[in-house]
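Number of protein chains: 2
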Amino acid sequence: MATIYQVSELAGVSLATVSRVMNNNVRVSEATRNKVLQAMEQLGYRPNSIAQSLASSRSNSIGILVSELHGPFYGEMLTGIEAEFRAAGKHVIIAAGHSERATEEDGIEFLLSRNCDALILHVEAVSDQYLIELNKKQTPFVLLNRQIAALADRCISLDNELGGYLATRYLLEQGHRHIAYIAGPMWKTDARDRFHGHQRALAGYQLTAEQALFFEGDFRETGGSKGLQALLASGRPFSAVVCANDEMASGALTAARELGYEVPADFSVMGFDNVNFAYYTYPKLSTIDYPVSAMGQMAARWVLKQVYQQSSIEVQQVFNPQLIPRDSVAEAAIT
Amino acid sequence: MATIYQVSELAGVSLATVSRVMNNNVRVSEATRNKVLQAMEQLGYRPNSIAQSLASSRSNSIGILVSELHGPFYGEMLTGIEAEFRAAGKHVIIAAGHSERATEEDGIEFLLSRNCDALILHVEAVSDQYLIELNKKQTPFVLLNRQIAALADRCISLDNELGGYLATRYLLEQGHRHIAYIAGPMWKTDARDRFHGHQRALAGYQLTAEQALFFEGDFRETGGSKGLQALLASGRPFSAVVCANDEMASGALTAARELGYEVPADFSVMGFDNVNFAYYTYPKLSTIDYPVSAMGQMAARWVLKQVYQQSSIEVQQVFNPQLIPRDSVAEAAIT
DNA sequence: TAGTATTATGTAAGCGCTTTCATTTATAGC
DNA sequence: GCTATAAATGAAAGCGCTTACATAATACTA
Chain L
1 MATIYQVSEL AGVSLATVSR VMNNNVRVSE ATRNKVLQAM EQLGYRPNSI AQSLASSRSN
61 SIGILVSELH GPFYGEMLTG IEAEFRAAGK HVIIAAGHSE RATEEDGIEF LLSRNCDALI
121 LHVEAVSDQY LIELNKKQTP FVLLNRQIAA LADRCISLDN ELGGYLATRY LLEQGHRHIA
181 YIAGPMWKTD ARDRFHGHQR ALAGYQLTAE QALFFEGDFR ETGGSKGLQA LLASGRPFSA
241 VVCANDEMAS GALTAARELG YEVPADFSVM GFDNVNFAYY TYPKLSTIDY PVSAMGQMAA
301 RWVLKQVYQQ SSIEVQQVFN PQLIPRDSVA EAAIT
Chain D
1001 MATIYQVSEL AGVSLATVSR VMNNNVRVSE ATRNKVLQAM EQLGYRPNSI AQSLASSRSN
1061 SIGILVSELH GPFYGEMLTG IEAEFRAAGK HVIIAAGHSE RATEEDGIEF LLSRNCDALI
1121 LHVEAVSDQY LIELNKKQTP FVLLNRQIAA LADRCISLDN ELGGYLATRY LLEQGHRHIA
1181 YIAGPMWKTD ARDRFHGHQR ALAGYQLTAE QALFFEGDFR ETGGSKGLQA LLASGRPFSA
1241 VVCANDEMAS GALTAARELG YEVPADFSVM GFDNVNFAYY TYPKLSTIDY PVSAMGQMAA
1301 RWVLKQVYQQ SSIEVQQVFN PQLIPRDSVA EAAIT
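Top to bottom, those sequences are chains L and D.
Position 115 (the first sequence) corresponds to 115 in my numbering; numbering is contiguous.
Position 16 (the second sequence) corresponds to 1016 in my numbering; numbering is contiguous.
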């Protein structure tokens, strides 16, 4: 592999000049620039990014920590992030945190040790305090899907409360009055926020959430099916159930079918996230759209702007969910 | 951030010694090793991976190129890869190729310019020739889901032909004799191989694929629904349709329902890949399992073995698909 | 046209490590 | 106790770039 030195020799200029044309910031005369460019071409020169990093103390790499690499949700997120960075010539180092505190902290350590210029974190288990401490260190980071007051300028999140509100309001508008709720793990902020939105929507109709119609699931398919069974077993009547994410909604759908119920004839089901498979379920899942790819992209832009000084970039920090009506919700039968 | 120099000072030894204890290969006396370790501890020293890379001309990073970052398939693959490398302290740089020649080549260039120690490629559009050329360059690579004779030792792939065979044989065993086929884009090797397997299974029963019962899809959902419509429109009777992947099978399922058919009562549907949502469809999709996560992991191991000399590692290059019977296939009605 | 401000280029000192080779120190053999 | 050998450590030369700072070339001013 050719080095900058060989290029400089061939072009008959100094190292510094070659470096300058690469980073075309300082003025180099057209004539020498061309000479250099030609020499590079001729040698098939490609700068050594490692050496560049060491000399400039910029690695041009951004560390990404997500809970999982698979699953419909994170894939979308990564797509948004990668596209944005690749266009900017930066690269992305990825690690998985598996929603466990130790693994997440470990992942952050790992990325830090890789000299990332910035981090994009989708962490769930790590404490606010830990992140606040992390913020005192050199490496800047953005938080996806998390709100911490002390770190507000570093948070990119969805208004989960609004999403929860929209889901339930839609059901109410369809005439439903007995609405069951299958929540996510309540230690997760997004799970809590979604539920609060649900409560607010209910309150708008002078209703409150019934204890018997509440089930705390795990954001997984099995949680949804178990939840539905529990709800049914409670004996309390309901005409609709809102699930705090699509996986659980899908589980609920399957369980309903297996137990001989028909959705939405017997009761309606509402999901959350609008994950790609929501479209494949039967009936197609009515849900709340989580613009996860756009949010990933925005996190990337935040980094471009704050860390790489691309000041012209606009960053949006709070995103709004949107109702996606499909086939799993129907009007409530007249009671 | 503390540097190796400060550690050496604090420990009262030379740079070289510190370096040695880090890479604990050369013998260092217990006493000094402890002194150094303690000094590191005290300073919170973390080696600068960039400097290490430059000095050792090892970046400890592996470039991964997949078609997409989202979608059920690649996510699994990445999970397998990442887990394996992280445990080995290597990191992964990811790029998307979008199944387009230019973007794929571009992605490879990009990863190469990042000084990756090795590449793991899941490329579809790039030519064999290009890869053979690439093989002459420094950076070693493994190919996932591709078979090139000249590069056989670098290929990790599924026996797609066998998969196609298994799918159709299963249908035949269930009594089906008129079997339609919705293929992937036939310029893709895996699409062709799967179809060949289909033909072989048919041949085992003295049957041949009928032209009228063949449709070339695009591996997407829409391809499946269009395909089913076309097959139905052909007027040729069939009692089962095998789809070259799960997405298309899902499309076919949806189309069937919309057209008033019931699966598997009216005809059976077979998928391929056993992608996560295959379980969420209705009816649950009978399919062929593609052990994609295991294959990703194996690609990572190949790299560990060949590039990082972890010679004890065993590598398996060809994987076998497996039949996953679920609900979308039933026995053929007696004709 | 000398004097000054600009612009273009070169020189050389790092960036934080690894690694070869030389040197010192310990261990063993007789 | 003295040499022969092995083990532990140190000195220093890079790895391929970036970037002050210095210098040379050119343009502009009065």
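Think of the CB as a built atom: it goes at the ideal place given N, C-alpha and C, for glycine as much as any other residue.
| query | result |
| --- | --- |
| Considering only the alpha carbon of each residue, which of H1091(D), R1101(D), E1068(D), D1128(D) lies closest to N1115(D)? | H1091(D) |
| Which residues in the same chain have their Cβ closer than 6 Å to the Cβ of G80(L), if we skip the five residues on either side of it in sequence? | S293, G296, Q297 |
| Answer yes if the segment 1172–1181 of chain D comes into contact with the segment 1212–1224 of chain D, meaning at least three C-beta pairs across the two stretches below 8 Å, and no otherwise. | yes |
| Using the beta-carbon of each residue, which ones in chain D are nearer than 9 Å to G175(L)? | Per Cβ cutoff of 9 Å: no residues; G175(L) is ~26 Å from chain D at best. |
| Hey, quick one: how far does the alpha helix (DSSP H) through D1339(D) stretch, first residue to last? | As displayed, chain D neither begins before 1001 nor continues past 1335, which places residue 1339(D) out of reach and without an answer. |
| Roughly how many whole angstroms lie between the Cα atoms of P1264(D) and S1225(D)? | 16 Å |
| Would you call Y5(L) buried or exposed, if buried means 16 or more other Cβ atoms sit within 10 Å of its Cβ? | exposed |
| For a contact meaning CB atoms closer than 8 Å, what does T1281(D) contact in chain L? | Y280, T281, Y282 |
| Whole angstroms is fine: what's the gap from F267(L)'s alpha carbon to S311(L)'s? | 51 Å |
| Between which two residues does the beta strand (DSSP E) harbouring M1270(D) extend? | 1268–1270 |
| Between N1245(D) and chain L, is any beta-carbon pair separated by less than 8 Å? | no |
| Could you work out which residues of chain L lie near T1079(D), taking near to mean beta carbons separated by less than 8 Å? | E68, L69, H70, A96 |
| R1101(D) touches chain L at which residues, Cβ-Cβ below 8 Å? | Within chain L, no residue comes near R1101(D); the closest Cβ sits about 17 Å away, beyond 8 Å. |
| Which residue from S57(L), L259(L), A125(L), E161(L) puts its Cα closest to that of A102(L)? | A125(L) |
| Should V318(L) go down as buried or exposed, given a rule of 16 or more other Cβ atoms within 10 Å for buried? | exposed |
| What separation, rounded to the nearest whole angstrom, lies between the Cα atoms of I94(L) and L65(L)? | 6 Å |
| Where does F1219(D) sit, in a helix, a strand or coil, going by DSSP? | coil |
| Check whether the Cβ atoms of G217(L) and G164(L) lie closer than 8 Å to each other. | no |
| By DSSP, does D1273(D) sit in helix, in strand, or in coil? | strand |
| Taking the alpha-carbon of A256(L) as reference, which of Q306(L), E76(L), E221(L) has the nearest alpha-carbon? | E221(L) |
| For a test of the three-state rule: what should DSSP assign to L1207(D), helix, strand or coil? | coil |
| If we count the other Cβ atoms within 10 Å of its Cβ and call it buried at 16 or more, is R146(L) buried or exposed? | buried |
| Using a 10 Å radius around the Cβ and a threshold of 16 neighbouring Cβ atoms, would you call W1302(D) buried or exposed? | buried |
| Under 8 Å Cβ-Cβ, which residues of chain D neighbour E82(L)? | L1069, I1094, A1095, A1096 |
| Are any of the Cβ atoms in chain D nearer than 8 Å to that of L54(L)? | yes |
| Would you decide whether M1077(D) is buried or exposed? Buried here means 16 or more other CB atoms lie within 10 Å of its CB. | buried |
| Do L285(L) and D246(L) have their beta-carbon atoms positioned less than 8 Å apart in this structure? | yes |
| Tell whether a beta-carbon distance below 8 Å holds between V1275(D) and A1252(D). | no |
| Which whole-angstrom value is the C-beta distance of I1156(D) and L1144(D), which I expect to be below 8 Å? | 5 Å |
| Going straight from the alpha carbon of K188(L) to that of S1099(D), what length do you get? | 37 Å |
| Where G1097(D) and V1315(D) are concerned, what is the direct C-alpha to C-alpha distance, given to the nearest angstrom? | 26 Å |
| Which residues of chain D have a Cβ atom closer than 9 Å to the Cβ of R114(L), listed in chain order? | S1049, I1050, N1060, S1061, H1091 |
| In chain L, which residues lie with their C-beta within 7 Å of the C-beta of E1076(D)? | H70 |
| Any idea what DSSP makes of S1157(D), helix, strand or coil? | strand |
| How big is the Cα-Cα spacing for F1272(D) and P1283(D)? | 15 Å |
| So S250(L) and T281(L) are supposed to be a Cβ contact under 8 Å. How far apart are they, rounded? | 5 Å |
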